[in-house]
Amino acid sequence: MPKLARSQWYDLTRDMNWDLRYVSEEEAFPTDMSDARGVPAQEWWRWDEPYKISYGEYVHNQADKDASVYSVNSAIGRSHIFEDLDAGWRSAIVAHYGAIAVPEYVAGIGESRMARFGRAAAWRNMATYGTLDETRHGQIQAYFAHSLLDKEPRADWAHKALHTNEWGAIAARSLFDDMFTGNDAVSTALQLTFTFETGFTNLQFLGMAADALKVGDVDFGALISSIQTDEARHAQQGEPTLRILVANGQKQEAQRLIEHMFWRSWHVFALLTGLSMDYYTPLEQRNHSFKEFMNEWIVKQFMDQFRDFGMDLPWYWEEHFLSELDWYHHALHLGVWFWRPTVWWNPDAGVSPDERDWFEDKYPGWNDSFGRWWDVIGENARRGEIAQTLPETFPMVCNMCQIPVVTPAGYAAGYLSSTVPHVLDYNGRRYTFCSVPCKWIFESSPERFAGHTTIVDRLLGGEIQPPTVEGALRYMGLSPEECGDDATGYAWAHATRSAPSAAGVA
Ligand code: MN
Ligand code: MN
């Protein structure tokens, strides 16, 4: 039998679109699940993915990828590489597994929603691969974490975290439920694949794979590379969906969906990646600061692409997003380190004298703002007064992003301190927000978010007993052995500045 080139049969076998006669459009594609925004069926049939692959090729590629990544894991598992890694980097890995492994599986729900309720056969075809992708690399991440259990018991948070009421897990669930489990197919394509995957995770995974190889973590580097190639392909469902919406007069709706999810993604991204990149990655292996990464990758590449579609910059771009690049993750880091018993990894303070020089170089004014808080903490650590560096109360938590409310420190504090928290009274209760965009997202669909309770709402509502730090830790699923502690045993507080040649004289 003559073998045809793929291009000769691909479109024909892919485009299984037809006019419905036995059921209505709404019965086949209910608004809650699909929401075509009024764009007619035939318009959706123009949907065309930029990356084409047949099922046979897909399975072949994926099997190769699995064979290669599992063989790296099996070889590394017998070595001492993990034990020898920098303590801060190990924390970044443990934080990553807890926050990401199960959400990968959950992303499979968003993909399968598009695989069933996407409005074109081509799209449903691509989303079917996406479902398989998320399942495959959800499995790799659970498996790799499992292989670390004899070295790091908290690697089991890869499975556990999203099933607890730990505050970071609540924040992650709130984001991911909004983005994929509780979302229609059209919104999912714009919010999960275009905004979150194209905008954030694909670029982050490229950076993380490079960082992992630099610090000598071959296992994690291979893992992330394997995932990234899946993500880079299925993330491309966003573009054709956006193109069809814009061509059919739905630009404002597309704009709203992307602005909503870009902001939410940014906050969780700053919490996880901001801390890992600037504080947990060893100084010698830092390629760039988190702010540089954001500017060079996320801001430039994503926004260039965004503008190519005729979209506008989000309304909050300059005033809120770009200004947060200077301080938001520094403030979160200070809070996460201080409330370290409430997380399942060991936060690395990352503020030795050499590191502080680096912060001053990358974030001019850091020593006069955030550094002053660390001066006091370092002094207490040097005196052995660790109790002074631990929390006795709870922070205020944002009713949108579910992340504690933070402000800039020092010279820049005036920027926000008079205006936070932002409050809204809705249906008889008061909601608090960390930022103007978080409040805007809530106000744009309050019925969607009003029922979500933050960890502090639960404390005040009597769900957490006793209402103490210990009671809250138990509620969050953290046994004393699992609670986070300083990653280096406070070595940073006792460190001295290295020779000028090594520290660099700016
Ligand atoms: Mn994924
Ligand atoms: Mn994905």
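To convert, count from 1 in the sequence shown and add 20; that's our numbering.
For every residue, glycine included, the Cβ atom is placed at its ideal position computed from N, Cα and C.
DSSP, read as helix, strand or coil, puts V43 in coil.
The DSSP-derived three-state label of T215 is helix. In this model, T249 and D153 are separated by some 10 Å (Cα to Cα). For L444, the uninterrupted beta strand (DSSP E) run begins and ends at H442 to Y446, by DSSP. Under the DSSP assignment, F414 falls outside any beta strand (DSSP E); it carries neither an H nor an E label.
Ranked by Cα distance from E279, the options T362, T215, L233 and G294 are led by T215. If you check the CB distance, T213 and F200 do not come in under 7 Å.
Residue environment for Y42: exposed (fewer than 16 other C-beta atoms within 10 angstroms of its C-beta).
If one requires a minimum length of 4 residues, the alpha helix (DSSP H) runs lying completely within the region 333 to 369 are 343 to 358, in chain order. Under the 8 Å Cβ criterion, the region 282 to 296 counts as touching the region 347 to 354, having at least three qualifying pairs. DSSP, reduced to helix, strand and coil, places Y383 outside both helices and strands of the structure shown, so it counts as coil. Checking the 6 Å criterion, the Cβ of E217 is within range of a heavy atom belonging to ligand 2. Considering only S285, G108 and W143, the residue with the shortest C-alpha distance to V235 is G108.
Nearest neighbour of F282 by Cα position, chosen from V425, W394, R57 and W337, turns out to be W337.
Looking at the DSSP output, R449 sits in a beta bridge with Y446.
Beta bridge pairing from DSSP links P424 with V417. For S91, the number of other beta carbons within 10 angstroms of its own is below 16, and it is reported as exposed.
If you check the C-beta of A127 against ligand 2, you find a heavy atom less than 6 Å away. Rounded to the nearest angstrom, the gap between the Cα atoms of G202 and Q422 is 17 Å.
A contact between stretches requires three or more CB pairs, one per stretch, nearer than 8 Å, and the region 115 to 123 meets this requirement with the region 361 to 374. When the beta-carbon positions are compared, I247 and H157 come within less than 7 Å of each other.
Here the C-alpha atom of L265 lies approximately 7 Å from the C-alpha atom of V59.
Distances between the C-beta of E154 and the heavy atoms of ligand 1 include at least one below 6 Å. At a cut-off of 6 Å, the beta-carbon of E124 counts as near ligand 1: some heavy atom of the ligand is closer than that. Cβ-Cβ distances below 7 Å link R66 to I264 in the same chain, with the five nearest sequence neighbours on each side left out; the list follows chain order. Annotation: the continuous alpha helix (DSSP H) that includes H80 extends over Y75 to G97. Distances from the CA of A513 to each of V396, V443 and V425 were compared; the closest alpha carbon is that of V396. In terms of Cα proximity to E490, the closest of C503, G188 and Y446 is C503. Between the alpha carbons of D31 and T261 lies a distance of about 18 Å.
Taking C-beta atoms under 8 Å as the contact rule, V126 and F196 qualify, at a distance of about 6 Å. Membership of Q248 in the alpha helix (DSSP H) is indicated by the continuous run V238 to H254. Look at E251: its beta carbon is less than 6 Å from one of the heavy atoms in ligand 2. Residue state for F282 is assigned as helix, using DSSP reduced to three classes. Close CB contacts of A232 within its chain, under the 7 Å cut and outside five residues either way in sequence, are with F240, G241 and I244 (chain order). Taking C-alpha positions only, L210 is separated from D198 by approximately 13 Å. In this structure, the straight-line span from the alpha carbon of A119 to that of A252 is close to 20 Å.
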